[in-house]
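For the record, in the sequence shown the residue sitting at position 525 is 525 according to the numbering used here, with numbers rising by one throughout. Beta carbons are placed, not taken as given, at the ideal position from N, Cα and C, and that holds for glycine. In this text, all values refer to a predicted model and were calculated from it rather than measured experimentally.
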Amino acid sequence: MSKGNLLGYVLCLGWLFCAEAFAEPKQPPVSAPLAPPNSEVSADEMAQRIEQYRQNKAQIQRLQNNQHSAEYLNALIYQHSPYLLRHATNPIAWRPWSEAVFAQAKEQQRLIFLSIGYSTCHWCHEMERQSFVDVDLAKLLNRDFIAVKVDRETLPAVDSLYSAILENLKGSAGWPVSAVLNEKGEPLFIDSYLSKDKLTLVLNRMSGLWRDNRDLMNSHAQRLMSLIDKSQSTTTDNWQKDSLETIIAKLKPQLDSDQGGFVGAPKFPAEGMVLFLLDYLKRAPDPALESALRRQLDSMIAKGMFDSIYGGFHRYSTDANWQLPHYEKMLYNQGQLLLVYAAGYERFAEPRYLDAITRTFEFLQSTLYQPDEGLYSAVDAVYQGLDGGYYLWSDTQLAAFSKQQKRDAAMAVFVRNESLGLSGIYFNQPLSDSAEQIRTKLRSLARPLPMVDSKVITAWNALAAWGLIEGYRVTANQQMLQMAREILAQLYRQHFERTPGRLYRASIHHQRLGEGTLEDHAYLAKALLALYRQSGEPRDLEQAKTLVALAISRFADKQGGFRFSQQAVGSRLLPYSGADGELLSAAAVMVSAMNDLWLLQGQDSARKAVKQQVNWLKQQVLNSPLNHLYALKVILDFSQGSVEPRQYFAKGKGQVSLSAPSQLCAEQPFSLDFKLAPGWHVNSAQPKQKYLKPFALKQQGATKSLIIDYPKAKLKALSFNATEVSLYEGAFSVGVNPGPGEQGPLYLSVEVQPCSDKVCLLPQTLNFFVAGCR
């Protein structure tokens, strides 16, 4: 069932979900006073709570926009999450998510009020300021509901379920998520941000309906969940030869040809879509797609999305022009955009992309990295009560720079706050000396940081490490590689227990939080495999293998696909569709890691498992193509082969690296460097036997011939052949000279037939891309 049909279904139940919920209540709410949470526990426990509050008070005060006293304390005081601790002094009797909540709800026949948010969420803070510190609203919640607060970053499986429900019902989802649940965890009402008046109305109406129409409410909630399950499991026709072309045809009109990204506002980075296009354009030229992609890559670093002073990216742009950022800085965006701009540099050889990579690394290094812990998760948007205040500058501060400096840097002003005289700035000449002088001067002004969420989240750290490794590959900055290596070592040491085999979701100041989900296992395995490509260390490969095997045992479905988590809501294991969201599809990344391991190790059983999951991904892509574009990239990697600069073949017995300039101009030679394991070889370019496939390097769609310098072949007698065979073995290079007038880009294919002394494998084709001359 489509989102529109689901929404129509809910609207037809308007008396339950809409009309009754928002109409004036027929009976006035009970106004009898209700004691605040502290009176509900013993004096001894309250003393214990107050003592723990005092221990955490500095952290709580750092997190809160409005300081609250310890007059009210609730069960969140025992939590470690900064977001949950922020609400520990609300008069609401908040409880953390647990099975005990649902057991109590069933025993007492009470409703559950669920609120999901995170520590740097602007509208989460607004809802707290307006509603959750209000004593009257707290009395209503404490009387009729069990109030549950969830940090979406430490319990992403819970967030994934209810965000999916909200998106199916409304067509979009966001935080905070506000829901009224029954004892099975099924939503009777769900929405996002609610004003105090609307929330009060909803709570009163849900309470009254639960009292008078409980069975009917449960029946509708159960039916709603079954419809959502059906919409997620619906399959379409099998993958066809023209499926890729059909998807591209659907994608093109959804792209903003003027600004890049998807049409309209707000503008999210949509990293899954960008990474797919960067991969696709290495396989097939397409001027329209290339133009839209360049516009997005250029705009994201040339306007407000990118922090031109401190480095790093804001979460998204609130307008259609990439100009007005939503000022949160999330770790996962930094990691994914490092992947994007590393791949973007390989495709377009644009120096500004390298600059964005370097400045994002500097932001991670200066603001989020703690050497004995890892990377913290986020920087708050609010600064001294002003959204984005940390990134805005006064007229007096900007007047310190000369007109010449501003002209040379091509400095522009945006997001001007007229009442306070504050402006955001960016540079159209970001690599100029003047731009660097302005940055240095503004960074030197003494400013305390906004609140930094000190959770170390496994998945987000792994994404950042993976991005840093790819950043190192194009910048050759050894510090990036070293930080990535340290992050991955810390994650494996602090978040992984070898016995009994358990990965934790996060930690805060070395205190572990939550069970690892599919995305934690997938991103960490993929980052370790990326590190292995650089280090060649068997340890990195073995750790990746361990994580993939653990993830398959915990999350893989026998029919194909994955669960997001082993955590259940009632009897429901949380499903996972493989769609891209704010993060790359964890299912697709896991399949990619499985494919990497197959290429490295060559076990037929591993390839069979990858093929099954790729077939499942194909169905997800066909069901909803534009939401599964990173999955489409993984499908192409499996079916057509990788187009990365370093590739593996011969069941892991051979590897080849493209050693090319960042951009191909006339007569710039480069090479393909091969390395084969002992006992393995490939046929030479001129094998003596006609039945053997010759080594060949070809230019796809060539109008001119490349000058190929093949290595000198060896003649060697093998057990399966009576005469000597002409071959290449060990380490060897194939030189390539584009010749006069060749400006690129080049689309290359290499055909090899790998053999050992006992067996020849089927011929393989490896594809490579070299950027054109700018």
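Chain-order list of residues whose beta-carbon lies under 7 Å from that of residue i (same chain, five-residue window excluded)
i    : result
Q296 : G260, G261 and V274
Q437 : Q405
H80  : I508, Q511 and L513
L420 : none
A588 : G578, L617, Y630, A631 and V634
Coil, strand or helix - residue i by DSSP
i    : result
R539 : helix
T765 : strand
A717 : coil
L431 : coil
P754 : strand
E515 : strand
F268 : coil
D286 : coil
V101 : helix
C121 : coil
H495 : coil
M411 : strand
Y72  : coil
L692 : coil
V148 : strand
R505 : strand
S257 : coil
G389 : helix
S459 : Looking at the sequence shown, residue 459 is not Ser but Ala. In this structure, A459 counts as helix in the three-state DSSP scheme.
Y523 : helix
P96  : strand
Paired residues, beta bridge with residue i - DSSP
i    : result
V452 : V379
K675 : Q655 and A731
Q482 : Note: Q482 sits in no beta bridge, so no partner.
N683 : L727
I708 : V736
N417 : L422
P325 : S317
I116 : V150 and V177
D191 : S178
M330 : A378
L111 : F145
A556 : F562
Y472 : Answer is none; Y472 lacks a bridge partner.
Sequence-distant residues of the same chain with beta carbon closer than 8 Å to residue i, five excluded per side
i    : result
K712 : none
L761 : A650, K651, Q753, P754 and C755
Q534 : I469, Y472, R473 and L481
S639 : V614
P351 : L431
Y316 : P266, K267, F268, P269, M305, P325 and H326
A636 : A small correction: the amino acid at residue 636 is Leu; Ala does not occupy that position in the sequence shown. Cβ neighbours of L636 beyond the five flanking positions: L244, D279, Y280 and R283.
D319 : A265, P266 and K267
Contact set for residue i: own chain, Cβ-Cβ below 6 Å, skip 5 residues either direction
i    : result
A484 : A465, L468 and I469
Y83  : Y118, S119 and D151
S207 : D144
E128 : none
K282 : V643 and F769
I191 : It is Asp, not Ile, that sits at residue 191 in the sequence shown. Excluding residues within five positions, the ones whose Cβ falls inside 6 Å are S178.
L541 : Y532
K608 : none
Y369 : L375
L203 : L140
Y332 : W460, L463 and L583
So within the stretch 606-660, which uninterrupted alpha helix (DSSP H) runs reach at least 4 residues, ignoring any that extend past its ends? You should have 629-640.
Count the CB pairs spanning the stretch 625-639 and the stretch 576-586 that are closer than 8 Å, and state whether there are at least three. Touching, yes.
Touch test, the stretch 476-483 against the stretch 414-425, Cβ-Cβ under 8 Å, three pairs minimum: Result no; under three Cβ-Cβ pairs closer than 8 Å.
Determine, using beta-carbon pairs with one atom in the stretch 686-698 and one in the stretch 715-724, whether at least three such pairs fall under 8 Å. Yes, they touch.
Does the stretch 323-332 come within contact of the stretch 344-356, defined as at least 3 CB pairs closer than 8 Å? No, because fewer than three Cβ pairs between the stretch 323-332 and the stretch 344-356 fall closer than 8 Å, the two stretches do not touch.
I want to know whether the stretch 545-563 touches the stretch 514-522 - three or more CB-CB distances under 8 Å. Segments in contact, yes.
Between the stretch 378-392 and the stretch 436-455, can you find at least three pairs of beta-carbon atoms closer than 8 Å? yes
Does the stretch 497-506 come close enough to the stretch 388-400 that 3 or more CB-CB pairs lie under 8 Å? no
Are the stretch 671-680 and the stretch 654-661 touching by the rule of at least three beta carbon pairs closer than 8 Å? Judged by Cβ distances under 8 Å, the stretch 671-680 makes contact with the stretch 654-661, as three or more pairs qualify.
Kindly confirm or deny that the stretch 158-174 and the stretch 185-200 touch, where touching means at least three C-beta pairs closer than 8 Å. Contact holds between the stretch 158-174 and the stretch 185-200, because three or more Cβ pairs, one in each stretch, are under 8 Å apart.
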